[in-house]
Amino acid sequence: PPDVEALGRATWSFLHTTAAYYPTRPTPHQRANMLNLIHALPALYPCSNCAEDFGDKIKENPPDVSSRERLSRWFCERHNEVNEKLGKETFDCAKVDERWKDGPPD
Ligand code: FAD
90 PPDVEALGRA
100 TWSFLHTTAA
110 YYPTRPTPHQ
120 RANMLNLIHA
130 LPALYPCSNC
140 AEDFGDKIKE
150 NPPDVSSRER
160 LSRWFCERHN
170 EVNEKLGKET
180 FDCAKVDERW
190 KDGPPD
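In full-length UniProt numbering, each number is its position in the sequence shown, counted from 1, plus 89.
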């Protein structure tokens, strides 16, 4: 079976980074592709309990693919739901760009 922790770190890195570089004003095609990517996770993510819970969460909070900022926040909030479920500290979503795009201020 996959290493669920390493898989999770790699997947969040991919998702947050992809959101960080998503367009400020995405085209309908870009929005549709992002929705497809998100909706594929509950069907394909190789941790069945993770996938099932994530599927429930995206039904409660449908993805906002309307802009880079909104999508980044949406992923941050979903990741925080998993953090809470696992008893981890929540992340300050004001800092997503610093973590996943710009790096620390100098
Ligand atoms: P991770 O949680 O992987 O975080 C990696 C880095 O992201 C952190 O070091 C931090 O810098 C940054 N970060 C943390 N929180 C946020 C945030 N809210 N927004 C932006 N950046 C942030 N594991 C399970 O055991 N059960 C599950 O049900 C489960 N569901 C998952 C669902 C999905 C969709 C994904 C992608 C992963 C899931 N995982 C689940 C894995 C879990 O979320 C962690 O990835 C794993 O436990 C490793 O945790 P970590 O403490 O190393 O850091």
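Just so you know, even glycine gets a beta-carbon here, dropped at the ideal spot from N, CA and C.
Values in this document were obtained by computation on a predicted structure and should not be read as measured data.
Close beta carbons around residue i, own chain, < 6 angstroms, minus the five adjacent residues each side
{"i": "threonine 179", "result": "Asn169, Asn172"}
Cβ-heavy atom distance, residue i to the ligand FAD, below 7 angstroms
{"i": "aspartate 142", "result": "yes"}
{"i": "tryptophan 163", "result": "no"}
{"i": "tyrosine 134", "result": "yes"}
{"i": "residue 39", "result": "With the chain covering 90 to 195 only, the question about residue 39 has no answer from this structure."}
{"i": "valine 185", "result": "yes"}
{"i": "lysine 148", "result": "no"}
{"i": "asparagine 138", "result": "yes"}
{"i": "histidine 105", "result": "yes"}
{"i": "glycine 192", "result": "no"}
{"i": "leucine 160", "result": "no"}
Residue i, enclosing alpha helix (DSSP H) - first and last residue
{"i": "cysteine 150", "result": "Residue identity check: residue 150 is asparagine in the sequence provided, not cysteine. Element bounds for asparagine 150: n/a, residue is neither H nor E."}
{"i": "arginine 159", "result": "157-174"}
{"i": "tryptophan 101", "result": "93-109"}
{"i": "arginine 120", "result": "117-133"}
Own chain, CB closer than 8 angstroms to residue i, minus 5 neighbours either side, in chain order
{"i": "asparagine 150", "result": "Trp163, Glu166, Arg167"}
{"i": "histidine 105", "result": "Ser161, Phe164, Cys165, His168, Val185, Arg188, Trp189"}
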